[in-house]
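Enquirer: Let me begin by handing over the structure; questions about it come next.
In mature numbering (1 follows the signal peptide of the UniProt record, and there is no 0), the protein residues as written are -17 to -1, 1 to 443.
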């Protein structure tokens, strides 16, 4: 009898080994990672193939799993199913993946009609409604979603990170508002490239833990007023939006990081434009080819005669169209740990003298490479000069003419005038002399004719 049991156990272990071997034959097995990327698969293997498998990461990226059926029990923590052309997912497809923390369904063809709440049904629990209790990160970017079912997250109580970018939402409708508002612990939300032009006023009120919002590559003409309802929003990414001027933003005292890069129409940031971000520490405002003006009081809050600046630590203003940087835009420039100001058409005149004298040494301490990348673009006699060289030579830059005149070009004009005068004087003398000589000859000729007439009259 004992021998029979041993034989059965051995057969079982052999079968489990064969099952795992089939996974590792078609895919790559490396420790706890099963890599089935780009293997031409149209399914995720039969249940018996998963028995005894002990993978925590399963990658099925870039296959042809158009119809996703239910996964068998497995210890998978991270599951990647991107780039499969997927159009259908069975109900409770992930029910038996009790350890699943990250699910990537990006770059598929999933629609609002297909992606229903039941897809994420988990096992029975007294704490929540059939939850996938450990799922914290859900990637749904680059699909065909135009809305979310209002109960979309009813089986996902632990979601902290949600990526919806690259879906054609266009507007955030009421069901979508309800769905997102129901995510109690949401910390990161990416809705970039979703064709949005506004955010509803009520959407930001319920997610009390939302820290990062990415709404870049959209159609916002201003910073959405609704963001003022956010509780702990600390990072706002708004790159590539058609904002022309920033003159007012909602009050978000928790905001520490702001990205407004590659704005195709942005020309100026006016007085108080960013003053409602009272605790801003990092500003990334680069590659805005039309940005020419940032007001000296763009960040400050005025209380009577007192001005209050945010505690800036990093500022990136490279690759814009800035000619001047106001001296008191940042109060304590010595506290800035990271600068980026290169590739701007800086004017090297007395108004920017402080940049050479005071700012450059500070940049050279914290970002020496950046200090070597600051050059003059005007006036003409200083084009291409390095700020470092101007600082070393203690150059005092002159003040440009208030009316836009260019006295540096006057010497050339004077030389031209003198040459013209020197050439014209001999010509004038020659002309006058020639005229006088011609006049004298005419007078003499007239006298001759007159005398000749007198002599004829005297004849008898």
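Positions of the beta carbon are idealized from the N, C-alpha and C atoms, including for glycine.
Predicted model only: the values in this text are computed from it and were never measured.
How is residue 332 classed by DSSP in three states: helix, strand or coil?
Expert: On the chain shown, position 349 is the one that residue 332 refers to. Residue state, collapsed to three classes: coil.
Enquirer: Exposed or buried, what is residue 56 when buried is set at 16 or more other beta-carbons lying within 10 Å of its beta-carbon?
Expert: Numbered from its first residue, the chain shown carries residue 56 at position 73. When all chains shown are included, residue 56 counts as exposed.
Enquirer: Spell out a yes or no on whether the segment 146 to 157 and the segment 122 to 132 are touching, meaning 3 or more CB-CB pairs, one atom from each, closer than 8 Å.
Expert: yes
Enquirer: Between the C-alpha atoms of residue -3 and residue 32, what's the straight-line distance to the nearest angstrom?
Expert: Stepping through the chain shown from its first residue, residue -3 is reached at position 15. Stepping through the chain shown from its first residue, residue 32 is reached at position 49. Annotation note: pLDDT 41 at residue -3 (below 50); position unreliable, coordinate value reported separately. Between residue -3 and residue 32, the C-alpha separation is close to 9 Å.
Enquirer: Who are the Cβ neighbours of residue 281 in its own chain at under 6 Å, not counting the five residues just before and after it?
Expert: Taking the first residue of the chain shown as position 1, residue 281 is located at position 298. Correct list, in chain order: 252, 256 and 257.
Enquirer: Are the Cβ atoms of residue 232 and residue 218 separated by less than 7 Å?
Expert: Numbered from its first residue, the chain shown carries residue 232 at position 249. Numbered from its first residue, the chain shown carries residue 218 at position 235. No. Outside cutoff.
Enquirer: Evaluate residue 187 with the Cβ neighbour count: other Cβ atoms within 10 Å of its Cβ, from every protein chain shown; 16 or more gives buried, anything less gives exposed.
Expert: The residue labelled residue 187 in the question sits at position 204 within the chain shown. When all chains shown are included, residue 187 counts as buried.
Enquirer: Quick one: Cα of residue 246 to Cα of residue 172, how far?
Expert: Reading the chain shown from its first residue, position 263 is the one you call residue 246. Reading the chain shown from its first residue, position 189 is the one you call residue 172. Rounded to the nearest angstrom, the two C-alpha atoms are 21 Å apart.
Enquirer: Does residue 87 pass the burial test, meaning 16 or more other C-beta atoms within 10 Å, or should it be called exposed?
Expert: For the purposes of this step, residue 87 is taken as residue 104 along the chain shown, with counting starting at 1. So residue 87 ends up on the buried side.
Enquirer: For residue 412, count neighbouring Cβ atoms within 10 angstroms of its own Cβ and tell me buried if that reaches 16, exposed if not.
Expert: Position 429 of the chain shown holds residue 412. Counting of Cβ neighbours within 10 angstroms places residue 412 among the exposed residues, the total staying below 16.
Enquirer: What alpha helix (DSSP H) runs, 4 residues minimum, are completely inside the segment 295 to 362?
Expert: 343 to 349 and 351 to 354
Enquirer: Do residue 168 and residue 143 come within 7 Å of each other at the CB atom, strictly closer than that value?
Expert: The count along the chain shown starts at 1 and reaches residue 143 at position 160. The count along the chain shown starts at 1 and reaches residue 168 at position 185. Using a Cβ distance threshold of 7 Å, residue 143 and residue 168 count as a contacting pair.
Enquirer: Is the beta carbon of residue 117 closer than 7 Å to that of residue 85?
Expert: Numbered from 1 along the chain shown, position 102 holds the residue referred to as residue 85. Numbered from 1 along the chain shown, position 134 holds the residue referred to as residue 117. No, these two residues do not count as a Cβ contact at 7 Å.
Enquirer: Is it buried or exposed for residue 37, if we count other Cβ within 10 angstroms and need 16 for buried?
Expert: Residue mapping note: residue 37 aligns to position 54 of the chain shown, counting from 1. Residue 37 is exposed by the Cβ-count criterion.
Enquirer: Shortest alpha-carbon distance to residue 276 belongs to which of 308, 270 and 297?
Expert: The count along the chain shown starts at 1 and reaches residue 276 at position 293. The candidate whose alpha carbon is nearest that of residue 276 is 308.
Enquirer: Distance check for residue 41 and residue 283, CA to CA, integer angstroms please.
Expert: Numbered from 1 along the chain shown, position 300 holds the residue referred to as residue 283. Numbered from 1 along the chain shown, position 58 holds the residue referred to as residue 41. Cα to Cα, the separation comes out at about 50 Å.
Enquirer: Which residues in the same chain have their Cβ closer than 7 Å to the Cβ of residue 181, if we skip the five residues on either side of it in sequence?
Expert: Here residue 181 corresponds to residue number 198 of the chain shown, with the count starting at 1. Cβ within range, chain order: 207.
Enquirer: Using 10 angstroms around the beta-carbon of residue 54, count the other beta-carbons present and answer buried if the total reaches 16, otherwise exposed.
Expert: Walking along the chain shown from the start, residue 54 turns up at place 71. Buried: at least 16 other Cβ atoms inside 10 Å.
Enquirer: Could you tell me the distance, in whole angstroms, from the CA atom of residue 346 to the CA atom of residue 234?
Expert: The residue labelled residue 346 in the question sits at position 363 within the chain shown. The residue labelled residue 234 in the question sits at position 251 within the chain shown. Approximately 31 Å between the Cα atoms of the pair.
Enquirer: Counting only beta-carbon atoms, is residue 36 nearer than 7 Å to chain B?
Expert: Here there is only one protein chain, and chain B is not present.
Enquirer: Does residue 145 come out as helix, strand or coil in the three-state DSSP assignment?
Expert: Working through the chain shown from its first residue, we reach residue 145 at position 162. In the three-state reduction of the DSSP assignment, residue 145 falls in the strand class.
Enquirer: Starting from the C-beta of residue 215, find all residues in its chain whose C-beta is less than 8 Å away, skip the five residues before and the five after it, and write them out in chain order.
Expert: Start at 1 with the first residue of the chain shown, and residue 215 comes out as number 232. Correct list, in chain order: 191, 192, 193, 194 and 237.
Enquirer: Among 4, 323 and 357, which has the Cα closest to the Cα of residue 335?
Expert: Here residue 335 refers to the residue found at position 352 when the chain shown is read from its first residue. Residue 357 is the option with its Cα nearest to residue 335.
Enquirer: Return the Cβ separation of residue 325 and residue 301 in integer angstroms, given the expectation that the two are a contact with Cβ distance under 8 Å.
Expert: Mapped onto the chain shown, residue 325 falls at position 342. Mapped onto the chain shown, residue 301 falls at position 318. So it is a contact: roughly 5 Å between Cβ atoms.
Enquirer: Along the alpha helix (DSSP H) that carries residue 162, what are the first and last residues, could you check?
Expert: Here residue 162 refers to the residue found at position 179 of the chain shown. Residue 162 -> alpha helix (DSSP H) spans 157 to 164.
Enquirer: List the endpoints of the continuous beta strand (DSSP E) containing residue 32.
Expert: Here residue 32 refers to the residue found at position 49 when the chain shown is read from its first residue. Run containing residue 32: none in the beta strand (DSSP E); it sits in the alpha helix (DSSP H), 30 to 33.
Enquirer: Is the beta carbon of residue 121 less than 7 Å from the beta carbon of residue 145?
Expert: Against the chain shown, residue 121 aligns to sequence position 138. Against the chain shown, residue 145 aligns to sequence position 162. Cβ atoms of residue 121 and residue 145: closer than 7 Å.
Enquirer: Closer than 8 Å by C-beta to residue 250: which residues in its own chain qualify, once you throw out the five before and the five after it? Chain order, please.
Expert: Reading the chain shown from its first residue, position 267 is the one you call residue 250. So the qualifying residues of the chain are 227, 228, 273, 274, 275 and 276.
Enquirer: Verify the contact flag: residue 70, CB atom, against every heavy atom of the ligand MG, threshold strictly below 6 Å.
Expert: With respect to small molecules bound, the structure shown includes none, and the ligand MG cannot be examined in it.
Enquirer: Checking 7 Å against the spacing of the C-beta atoms, do residue 160 and residue 183 come in under that value?
Expert: Reading the chain shown from its first residue, position 177 is the one you call residue 160. Reading the chain shown from its first residue, position 200 is the one you call residue 183. For residue 160 and residue 183, yes; Cβs fall inside 7 Å.
Enquirer: Whose CA, out of 8, 67 and 163, lies closest to the CA of residue 25?
Expert: Within the chain shown, the letter at position 42 stands for residue 25. With distances taken between Cα atoms, residue 25 lies closest to 67.
Enquirer: Looking at residue 328: is its Cβ nearer than 7 Å to the Cβ of residue 363?
Expert: Numbered from its first residue, the chain shown carries residue 328 at position 345. Numbered from its first residue, the chain shown carries residue 363 at position 380. No, they are not a contact pair.
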